[in-house]
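Student: Residue numbers (the working numbering): -12 to 983.
Pasting the structure below:
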């Protein structure tokens, strides 16, 4: 990394724009940055750090944002830093502007502008700067990638703060570890320690959780086993817990099996006692049943004897009913004849009641003759009926003519009224047709304007879309250009490395006695050898091919960008460079107007059709009026004929109706009279027939009653029983007979009679004995079940505990392994004799490298007296690993760096800083640091030591480096000619170059 130019505006103490030409200062190799206290020497270094990382070093990090602004700056001047540098073979320009609280352009007060950042790269081919990015994040990632180090590393390696390294020399192991950890990024090793510790805690928690579950199972087994088991008095995680639980579980299982055997024996005894008690109870209950049966039979026999009279009366009643059954058919025949006679007499009375009084005493023959005479008169009224029907037709036709006349009059009035408005209707329809035709013409004109407007709007939208696509393609082109530049840099680096090792590549083809292709010598005493990481032709060609592919991609992206820009220009021209919103609004307005015109024009056909229909309606109404006039003339003639015919028919009907309202009414009277006379004659004949049948039935009934043994037919009828009464009486007789037989059978049973002779049975005592035996059996069964459940539950819990122990076995092994590793990396293990943590071990290796690199320069600065060495000895009871000692060649003894004097501490810390810079540079990927700054500390050196230190710094120019010394020591101004002076004043500090 080489700095070329730095521009500072309104930053820190610098109120105006100040520039630093590092190329001019670096030409001398060693330059001095000096000025009075508070002038702003360190602010120059802060500006470099801020340009690269966006923050300032060390404790000044709190001064970000608006606080970086100079109090001397003009309110209208914005704070900004521009740094031009070369890193990784690429020349870059970084510009950063922190947030700026500027005055408002309108009104009073201030407004806050956001921070801005630009990154540009110089293209040597075109001789111009190319923009790469304006993103804070992208630029930060790109700078960190190119430099290969963080801000903390940069501030320790490039901006060497001597005070920090002096403290580093005198610090304890913890402070050194913090600094080295930030520089070498050993956080991953600390993360390993933390991860192992977390895994140890996690596995320990899982082991304790498993042991807790095991103890919980032991407590559940204790609850089941009771005093047969004792829970081990061990805590989760203690050794031997699993074996103690399994042993206690085995003892509990054995005890549970013994208790189960005893419970089964008690159950067998209780079952035998229960069987004997049940048999005794069954015998007592059978005796009680037989005694109760005999007593019940005696009670039933006594009840039968008490009801003997009722039984004899029932037998007598059943016998009379059987004799009356022989008279029943004659009774039924007489009842049927009497019912028919009553019905016929009632029908005769009803028929005579409907006849005139003249027929009240007439017999059947007289009634039939009167009916024949009425039928003959009815036949003579047929001609009158036809006349009456014709009169109704005439009246109906006369009414139709009157209604037709009224309808025609209404139609004539409506037609006259409609035709009176015809001229106004036709004029209105014609006006609608004209308006619709004008709207159709307007719609056609607007349709012509729509297509150009639509194309212009589409072009504007395409222009907006192409604008976004062009921006995206441009970003892709910038990325392709950056990748191509990276590939070219990689190729050139490999090419440079190959050229540096080309001697080894040529030496591979040397043969003893054959001339060298370079010098022509035939002897090759010390041919060059290929070192690790040697770059051969294939590697260089692969890098070249990768660069060519990346460059082709860049060219393709630039071609696509050109095409997109051409399409964007064409779309912009097609849209007349008008805003899309304005074109869309104009298009919407045009569409709305076109829609209104089309809607108005759509009524043209309807108006024309309505006019055509109105003209047809006019013709129809004129024709209707003419037809109505013709029908009126025809109606006059027809009405006169109908009136004459109606008068003749009325005269004929008046003669035929007699006293009736109409011929039909007269015919209805005659028809009803004939029907009533015929019905009355039939009813008189039916009444006479049924009276004869009733007399015959009475004679047969009297004869049947006498033969059955009854004095009168009434007695026979009283002795009859209906089906329901007969069945009920027979059921009662059957029940008495069955009950008597059942009682005699029970009293004849030998066992029942024997049981009745014995003393009464005591069932309550037998039941108490049986209940006691059953209770004891239930208790025995419950005890057996409880013992069995206890045994089964203990077996299940023991099996689960054994399974838990087997499952916890690998987990315990893992915990022991992780615990050993965690203790070893944390430095607390007995195997770690020096109690050195893993991160300290890695940092100790780095410190050895730093001490070796620093010794090269310290040996020269101290005239060969001092050498820095790393020490991993423990101090007291603390940890070891980051000790730093100095070996004094004059005394041959090794001592702590805290015993060095002030001047010795300075050049020792300087050597340590330079050595640390070399190691960190190698760690960061070998980025070449061509510009270094050393801050203060030279005032503590004598003249000879100062010369030796300056010689060492001057030797850095051998690698084409430039070193800037920040100091206000006057003697350095005489020794170093290239100077950057910082002068302070009331209006702010200023920078001046001297000696260049």
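Every residue gets a Cβ at the ideal spot worked out from N, C-alpha and C, and that includes glycine.
(1) Should residue 326 be labelled buried (16 or more other beta-carbon atoms within 10 Å of its own) or exposed?
(2) What residue does the alpha helix (DSSP H) around residue 950 start on, and which one ends it?
(3) What are the boundary residues of the alpha helix (DSSP H) that includes residue 43?
(4) Tell me, to the nearest whole angstrom, how far the beta carbon of residue 675 is from that of residue 334; I am working on the premise that it is less than 8 Å.
(5) In terms of residue numbering, what span does the beta strand (DSSP E) encompassing residue 966 cover?
(6) Note the first and the last residue of the continuous alpha helix (DSSP H) segment covering residue 259.
(7) What residues in its chain sit with their C-beta under 6 Å from that of residue 82, if we drop five residues either side in the sequence?
(8) Apply the 10 Å Cβ neighbour rule to residue 877 and answer buried if 16 or more other Cβ atoms are within range, or exposed otherwise.
(9) Nearest-angstrom Cα distance between residue 390 and residue 582?
(10) If you compare alpha carbons, which of 798, 828 and 961 is closest to residue 195?
(11) Just to confirm the assignment: which complete alpha helix (DSSP H) runs, minimum length 4, are found wholly within the region 167 to 217?
(12) Is DSSP giving residue 107 helix, strand or coil here?
(13) With H, G and I counted as helix, E and B as strand and the rest as coil, what does DSSP make of residue 341?
(14) By the 10 Å Cβ neighbour count, where 16 or more other Cβ atoms means buried, how is residue 682 classified, buried or exposed?
(15) How big is the Cα-Cα spacing for residue 276 and residue 722?
(16) Is the number of C-beta pairs between the region 310 to 326 and the region 679 to 694 that are closer than 8 Å three or more?
(17) Per DSSP, what kind of secondary structure is residue 997 in: helix, strand or coil?
(18) Assuming residue 250 and residue 770 form a contact by the criterion Cβ under 8 Å, report the distance between their Cβ atoms to the nearest whole angstrom.
(19) Pairs of beta-carbons, one from the region 5 to 22 and one from the region 83 to 99, closer than 8 Å: are there three or more?
(20) Spell out the partners DSSP gives residue 713 in its beta bridges.
(21) Where residue 597 and residue 615 are concerned, what is the direct C-alpha to C-alpha distance, given to the nearest angstrom?
(22) Of all the options 446, 897, 871 and 473, which has the alpha carbon lying nearest to the alpha carbon of residue 885?
(23) Per DSSP, residue 116 is paired with what?
(24) Which partner residues of residue 90 appear in the DSSP bridge assignment?
(25) Which of the three DSSP states, helix, strand or coil, is assigned to residue 497?
(26) Specify the secondary structure class of residue 858 as computed by DSSP and reduced to three states.
(27) Exposed or buried, residue 101, counting other C-beta atoms within 10 Å across all chains shown (16 or more means buried)?
(28) Look at residue 633 and residue 382 and say whether their C-beta atoms are less than 9 Å apart.
(29) How should residue 814 be labelled, buried or exposed, when 16 other C-beta atoms within 10 angstroms of its C-beta is the threshold for buried?
(30) Is it true that the region 558 to 575 meets the region 440 to 448, where meeting means three or more beta-carbon pairs spaced less than 8 Å apart?
(31) On a CA-only basis, which of 757, 476 and 304 is nearest residue 708? Give me that one, please.
(32) Could you tell me if residue 617 is buried or exposed, where buried requires 16 or more neighbouring beta carbons within 10 angstroms of its beta carbon?
(33) Look at the Cβ atom of residue 969, then the Cβ atom of residue 27, and state whether they are nearer than 9 Å.
(34) Going by other Cβ atoms of all chains shown within 10 Å of its Cβ, with 16 needed for buried, is residue 252 buried or exposed?
(35) Just curious, the alpha helix (DSSP H) that residue 132 is in, first and last residue?
(36) Relative to the alpha-carbon of residue 398, which residue among 610, 742 and 91 has its alpha-carbon at the smallest distance?
Tutor: On the basis of the data shown:
(1) Position 339 of the chain shown, counted from the first residue, corresponds to residue 326. The residue in question, residue 326, is exposed, as its Cβ has fewer than 16 Cβ neighbours within 10 Å.
(2) If you number the chain shown from 1, residue 950 lands on position 963. Where residue 950 is concerned, there is no enclosing alpha helix (DSSP H), although the beta strand (DSSP E) it sits in stretches over 949 to 953.
(3) Taking the first residue of the chain shown as 1, we reach residue 43 at position 56. Taken as a continuous stretch (DSSP letters only), residue 43 belongs to no alpha helix (DSSP H), as it is neither H nor E.
(4) Locating residue 675 in the chain shown gives position 688, counting from the first residue. Locating residue 334 in the chain shown gives position 347, counting from the first residue. Incorrect: roughly 12 Å between the Cβ atoms, too far for contact.
(5) Locating residue 966 in the chain shown gives position 979, where the first residue counts as 1. Here the beta strand (DSSP E) through residue 966 covers 965 to 970.
(6) Here residue 259 corresponds to residue number 272 of the chain shown, with the count starting at 1. Start and end: 228 to 293.
(7) The sequence position of residue 82 within the chain shown is 95, counting from 1. Same-chain partners within the cutoff: 69 and 105.
(8) Numbered from 1 along the chain shown, position 890 holds the residue referred to as residue 877. The residue is exposed, with fewer than 16 neighbouring Cβ atoms inside 10 Å.
(9) Start at 1 with the first residue of the chain shown, and residue 390 comes out as number 403. Start at 1 with the first residue of the chain shown, and residue 582 comes out as number 595. Rounded to the nearest angstrom, the two C-alpha atoms are 54 Å apart.
(10) If you number the chain shown from 1, residue 195 lands on position 208. Of 798, 828 and 961, the residue nearest in Cα terms is 798.
(11) 174 to 212
(12) Taking the first residue of the chain shown as 1, we reach residue 107 at position 120. In the structure shown, residue 107 sits in a strand (DSSP, three-state: E or B).
(13) Taking the chain shown and counting its residues from 1, one reaches residue 341 at position 354. In the three-state reduction of the DSSP assignment, residue 341 falls in the coil class.
(14) Locating residue 682 in the chain shown gives position 695, counting from the first residue. Its Cβ having fewer than 16 others within 10 Å, residue 682 is exposed.
(15) In the chain shown, residue 276 corresponds to position 289, counting from 1. In the chain shown, residue 722 corresponds to position 735, counting from 1. A direct Cα-Cα distance of roughly 24 Å separates residue 276 from residue 722.
(16) yes
(17) Given a span of -12 to 983 for the chain in the structure shown, any question on residue 997 remains unanswerable.
(18) As a first step, residue 250 is located in the chain shown; it is residue number 263 there, counting from the start. As a first step, residue 770 is located in the chain shown; it is residue number 783 there, counting from the start. With a Cβ gap of about 5 Å, residue 250 and residue 770 count as contacting.
(19) Contact annotation: the region 5 to 22 does not touch the region 83 to 99, with fewer than three C-beta pairs closer than 8 Å.
(20) Counted from its first residue, the chain shown places residue 713 at position 726. Per DSSP, residue 713 has no beta-bridge partner at all.
(21) On the chain shown, residue 597 is found 610 positions in, with the first residue counted as 1. On the chain shown, residue 615 is found 628 positions in, with the first residue counted as 1. Near 27 Å, if we compare the C-alpha coordinates of residue 615 and residue 597.
(22) Position 898 of the chain shown, counted from the first residue, corresponds to residue 885. Among 446, 897, 871 and 473, the Cα nearest to that of residue 885 belongs to 871.
(23) Position 129 of the chain shown holds residue 116. According to DSSP, residue 116 bridges with 109.
(24) Position 103 of the chain shown holds residue 90. 97, per the DSSP bridge assignment.
(25) Along the chain shown, read from residue 1 onward, the residue named residue 497 stands at position 510. Here residue 497 sits in coil by DSSP.
(26) Residue mapping note: residue 858 aligns to position 871 of the chain shown, counting from 1. Here residue 858 sits in strand by DSSP.
(27) Position 114 of the chain shown, counting from 1, holds the residue named residue 101. By the neighbour-count rule (16 or more Cβ atoms within 10 Å), residue 101 is not buried but exposed.
(28) For the purposes of this step, residue 633 is identified with residue 646 of the chain shown, where counting begins at 1. For the purposes of this step, residue 382 is identified with residue 395 of the chain shown, where counting begins at 1. Yes, the pair counts as a contact, with Cβ atoms nearer than the cut-off.
(29) Here residue 814 refers to the residue found at position 827 of the chain shown. By the 10 Å Cβ count, residue 814 comes out buried.
(30) yes
(31) Taking the first residue of the chain shown as position 1, residue 708 is located at position 721. Measuring from the Cα of residue 708, the nearest candidate turns out to be 304.
(32) Translated into positions along the chain shown, residue 617 becomes position 630. Residue 617 should be labelled exposed.
(33) Walking along the chain shown from the start, residue 969 turns up at place 982. Walking along the chain shown from the start, residue 27 turns up at place 40. It is a contact, given that the beta carbons lie within the stated cut-off.
(34) The sequence position of residue 252 within the chain shown is 265, counting from 1. When all chains shown are included, residue 252 counts as exposed.
(35) Indexing the chain shown from 1 puts residue 132 at position 145. Its alpha helix (DSSP H) spans residues 123 to 134.
(36) Against the chain shown, residue 398 aligns to sequence position 411. Taking only the C-alpha atoms, the option nearest residue 398 is 610.
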